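Below is one structure, written out as structure tokens, with a few remarks after it.
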Amino acid sequence: MKLTKLILLLFCFAITSAYAQQDSLTLNNIINKTKRLSDEQPLEKVYLHTDKPYYAVADTIWLKAYITSQNNMPSPLSKIVYVEMYNEVDSLIQTLKLPVKNSVAYGNIPLPMNTYKQGNYYVRAYTLWMLNFDSDYFFSKNILIGEAIDKQLITNINLANIAADKSIKTTARIQFKDINKKPLANKTVNWRVFHNYDVFARGKGTTDANGYLTVTVTSKPGDPIKKGTLVADVSMGDKELASASFNIRQNDNGIDFQLFPEGGEFIVGVPNQLGFKVIKANGLGTDVKGTIIDDQNAEVGNFTSSFAGIGSFFITPEANKTYRVKFTKDGVTRTVDLPKAKEGIILQVTNPSAADAINLRVLASTAFLEANKDKAFYLVGQNTNTVAYAAKLNLKNQVINAKIPKQNFPSGIAQLTLFNENSEPLSERLVFVLHNDAMNLALKADLPAYKPRQKVKLTLDAKSKGQPIVGDFSVSVTDETKVPVDENNEVTILSSLLLTSDLKGYVEKPNYYFNKTDEKKLGDLDRLMLTQGYRRFSYKEILAGRYPKIFLLPEQGITISGTLRDLTGMPIRKGVMRMMVTGKPIAKEITTSNVGVFNFTDLNFPDSSQVVVTARSNPNYTNLMIMLDGIPSAAKGNNLNAPDEVENIDTLMSSYLSNSQKQYRFMRTLKTVEIRGAGIKKPSHSDYPALTGLSQIPDRFIDGAQLEGCNLLLECLKIQAPSFTFDFNEQKFYITRDYNQGARTPAAIFLNGMFVDANALNTVNANDVESIELFLNDPLGTVDRMYSTRGVIVINSKKIPKGEKMSKQAFLDMLPKKYEVKYSPMGYSKERTFYSPKYLPNAPITSNDLRTTIYWNPKLITDEKGNISFEFNNADGKGTYKAVVEGIDKNGNIGRTVLRYTVK
């Protein structure tokens with residue numbers, strides 16, 4: 052941890068050293084308690100650099116994880132990072148567990164056809180240590196995935212919402228085209244709208260001459276469709292259907308005008324700066340301009356937003372007067388009351404980019420000055436929970452000017468807080484500090500232009516404050532003609548580690564502030580600091596000695612732990628425990644503690660491995676039982692960047708999907724030929740008398756093939772059954788719509804016709820499951836009344852083929868042993884190497900090279916001169932190629948550079 056720097060302000064009024072007087076105890080108390088938080092609960096952040104901003108089904112996402120701590124120093128804490136992929140309805144699709152070495156990790160996410168479909172997804176990353184804190188600070192990034200292989204439809208949708216009494220009416224205007232972009236005219240379309248995992252509405256229509264269809268849906272009063280799905284099945288002729296799905300997000304088209312007084316309070320009699328943010332119902336900002344009027348309707352000022360609906364204005368409020376802002380948007384004039392001005396003291400900041408210091412003003416109202424004249428106040432500045440600035444001052448004047456050197460803060464968000472002599476925070480201001488010389492990266496090509504398939508040599512030069520640095524970097528090279536992107540929308544190492552990782556809530560276009568930064572963008576960034584939430588901790592809490600509770604320690608590797616007991620429940624002291632990985636030369640043997648606890652540490656095995664934990668080496672082992680500890684996991688994801696979801700993926704990814712269609716043409720699925728014959732009856736709920744009262748057709752059917760690669764059936768069921776919610780504390784499933792409304796009647800679970808609890812599912816091998824049937828209703832109530840449940844989950848095992856009779860001993864050998872556990876815990880995801888073809892000059896061309904990611908290398912380490920070179924070959928595409936390098940050095944300096952070159 053960096054030592055706390057204590058800098059004393061030089062004010063135009065009397066000031067005494069914080070460490071030279073008795074009353075410095077207050078400042079020392081603030082500093083020491085903040086330092087204790089930093090020392091005992093250091094922060095961790097994760098950033099993922101991916102090779103592209105969007106993908107097609109059958110692609111692979113290549114990624115590198117950077118794990119940092121305070122001041123963005125490489126984190127020495129966690130040795131495992133988790134990467135999760137969620138779909139647009141917040142269902143977990145896939146989880147990676149990656150080993151961390153030297154504060155970085157490498158991984159990849161294949162996007163197979165049987166798992167992914169076209170839609171909006173997001174990736175989330177965190178360490179186990181980060182679970183101790185707010186999930187808002189996890190890394191999160193939206194990722195679009197398009198379909199090109201079996202695509203039959205190209206669609207474009209326009210949604211319009213209108214408030215109707217207490218309901219919302221949504222009109223969807225959809226155009227359908229075939230893969231040749233020809234409108235599908237006069238086609239029958241059957242559509243359904245899903246809300247809370249149920250069919251909310253359905254209908255049928257016919258496209259017009261231009262392939263358009265209009266669908267109208269009206270919500271129930273007071274229950275708008277927040278995360279609905281519209282599924283449309285288009286009749287293509289000859290009994291063939293083509294399907295498309297769209298997100299339905301109902302809102303009332305309202306405008307939310309939010310006001311944020313600088314420093315936190317609106318003070319009477321002094322110039323106040325108020326930040327404002329204007330947000331549409333979809334979460335995106337909208338630009339406005341208007342006026343400020345007083346209670347006599349006299350105009351006292353005006354305002355204009357600067358970027359993404361964010362702006363600021365100054366006003367000096369008079370006592371006993373009220374003020375409003377007035378603006379017109381979409382033909383509707385609105386007014387919003389300013390907060391009532393009161394007596395007090397505030398901080399104000401100007402942050403000129405060219406200056407070496409932050410200009411600070413402390414303003415007090417007249418009455419506050421008279422009541423607190425000559426009293427001591429304290430100013431503390433911190434970044435990522437580390438105090439970088441502290442000073443004591445005496446209030447002698449109504450306005451105090453000072454300068455705070457920027458060099459005391461690393462790049463990122465600085466939090467300035469003013470305290471009174473009772474250590475109570477009175478005013479707070481966020482300031483963004485950007486050191487342009489912290490890391491300077493230069494990427495150079497060996498030639499001014501290249502030909503297709505020609506070898507390219509790029510050289511990276513890394514410096515900090517003019518000196519070469521050794522850094523850890525990753526590089527991605529893409530064909531920008533096929534992968535165009537708005538750089539303001541990108542998530543970069545700068546926008547993530549310096550900005551969004553320390554802010555709560557959604558930030559629109561975060562890279563806008565770092566893309567060709569100028570005075571205007573720095574001004575917009577300062578206005579963002581006025582309007583965005585920041586609460587890593589509460590000063591009031593830590594100064595009262597109430598620190599956040601820590602329940603998980605940083606992971607140092609894969610561990611398997613538990614307790615060995617006898618059949619009466621008594622722990623076994625000094626018992627012998629053995630752990631083996633089936634099919635791998637991995638085994639360990641340890642003894643239990645005095646209370647029967649065992650802990651296998653520093654394990655390393657790949658994901659999907661079968662692990663055997665046994666107590667066979669003990670005397671009378673058949674009278675022993677193993678109880679494994681649970682594995683902590685993050686709560687269900689919630690997309691913080693939902694406003695960035697894209698409605699018309701086909702339009703946005705048009706050039707990319709056209710290339711993918713050619714690239715993956717060999718993967719197209721052949722049309723199904725139906726051969727009629729005697730069907731083989733598969734196991735189902737109707738095979739069991741206790742379940743015959745259920746509907747013949749389940750609300751959701753999960754084929755066993757969808758569980759391929761599943762390690763723990765319970766975990767997979769949580770993902771595959773979004774219509775049910777699993778409560779970790781109760782260890783029970785509930786129907787999601789009921790659970791969200793507060794009902795707590797659990798669902799019934801049947802395994803081969805037997806009523807079981809949820810934990811019993813982990814004893815079932817997912818490969819032995821024929822199907823899972825989900826029922827949201829029990830029409831006759833036979834199950835619900837018998838077991839006091841609501842909803843039914845039925846797991847059907849595959850039929851065992853007929854064979855020879857089994858002996859009793861063979862049957863007993865098949866039963867689970869209490870003294871031995873066989874299961875598949877999550878292991879490390881397999882690391883793969885990005886394939887980059889090498890072409891010889893003038894070599895014959897035997898196939899097309901349609902790559903969109905030309906080169907990916909997550910393991911670039913600069914030498915002592917700050918340099919490293921790398922080579923690769925271009926693909927067949929002509930146009931502009933884009934190389935992006937991101938990385939970090941040992942001092943926490945982060946950098947990014949972009950190089951474009953031409954292929955012709």
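Numbered by this note's numbering, the letters in the sequence shown go through residues 52 to 955 in order.
Every residue, glycine too, gets a C-beta built ideally from N, C-alpha and C.
The structure presented is a predicted model; accordingly, all values stated were derived computationally and were not measured.
- Distance between Phe806 and Val244, taken at the CA atoms: about 33 Å.
- By the Cβ test, the segment 416–431 is in contact with the segment 312–327, since at least three Cβ pairs between them sit closer than 8 Å.
- Taking a contact to require three or more Cβ pairs closer than 8 Å, the segment 507–518 and the segment 911–918 qualify as touching.
- In the DSSP assignment, Met676 falls within the beta strand (DSSP E) that extends over Leu675 to Leu679.
- Listed as beta-bridge partners of Gly938 by DSSP are Phe524 and Gly946.
- Between the segment 377–386 and the segment 423–433 there are fewer than three inter-stretch CB-CB distances shorter than 8 Å, so the stretches are not counted as touching.
- DSSP places Glu198 outside both helix and strand once states are collapsed to three, so it counts as coil.
- In the three-state scheme derived from DSSP, where H, G and I count as helix and E and B as strand, Phe779 is classed as coil.
- Setting aside the 5 residues that flank it on each side, Pro272 is surrounded in the same chain by Asp216, Lys217 and Ser218, each with a C-beta closer than 8 Å to its C-beta; the list follows chain order.
- Around the beta carbon of Asn791, a 10 Å sphere encloses fewer than 16 other beta carbons of the protein chains shown; the residue is thus reported as exposed.
- Per DSSP, reduced to three states, the secondary structure at Val834 is helical.
- Sorting Glu871, Val140 and Tyr672 by C-alpha distance to the C-alpha of Leu691 places Val140 at the top.
- For Ile144 and Gly755, the gap between their C-alpha atoms comes out near 16 Å.
- One Cα belongs to Asn813, the other to Glu821, and the distance between them is close to 16 Å.
- DSSP places Asp259 in the coil class of the three-state scheme, outside both helix and strand.
- Per DSSP, Met628 is one residue of the beta strand (DSSP E) stretching across Val627 to Val632.
- DSSP lists Thr206 as the bridge partner or partners of Phe227.
- Between Lys277 and Arg253, the gap from beta carbon to beta carbon reaches 8 Å or more.
- Counting of Cβ neighbours within 10 angstroms places Asp940 among the buried residues, the total reaching 16 or more.
- A Cβ-Cβ distance of about 5 Å is found for the pair Gly522 and Thr913, placing them in contact under the 8 Å criterion.
- Taking one beta carbon from each stretch, the segment 562–578 and the segment 388–404 have 3 or more pairs nearer than 8 Å; the two touch.
- Taking C-beta atoms as the reference points, Lys933 and Glu531 count as a pair closer than 8 Å.
- The C-beta of Pro368 has 16 or more other C-beta atoms within 10 Å across all chains shown, which makes the residue buried.
- Between the segment 345–364 and the segment 390–400, the count of C-beta pairs closer than 8 Å stays below three; the two stretches do not touch.
- The beta-carbon separation of Val266 and Ala223, rounded to 4 Å, stays under the 8 Å limit for a contact.
- Within the segment 734–793, complete beta strand (DSSP E) segments of at least 3 residues are found at 751–754, 775–778 and 783–786, given in chain order.
- For Arg587, there is no enclosing beta strand (DSSP E), as DSSP marks it with neither H nor E.
- In terms of Cα proximity to Thr269, the closest of Lys130, Val507 and Asp303 is Asp303.
- Pro312 is bridged by DSSP to Leu325.
- The segment 847–903 is shown to contain whole alpha helix (DSSP H) runs of 4 or more residues at 859–865, in chain order.
- Judged by DSSP in its simplified three-state form, Thr551 adopts helix.
- Glu696 places its beta carbon 8 Å or farther from that of Pro749.
- DSSP, reduced to helix, strand and coil, places Lys290 outside both helices and strands of the structure shown, so it counts as coil.
- Closest by C-alpha distance to Ser294, out of Phe365, Leu745, Thr206 and Glu475, is Thr206.
- With 16 or more other Cβ atoms from the protein chains shown falling within 10 Å of its own Cβ, Ile366 counts as buried.
- When the Cα atoms are used, Ile641 and Ile82 turn out to be separated by approximately 45 Å.
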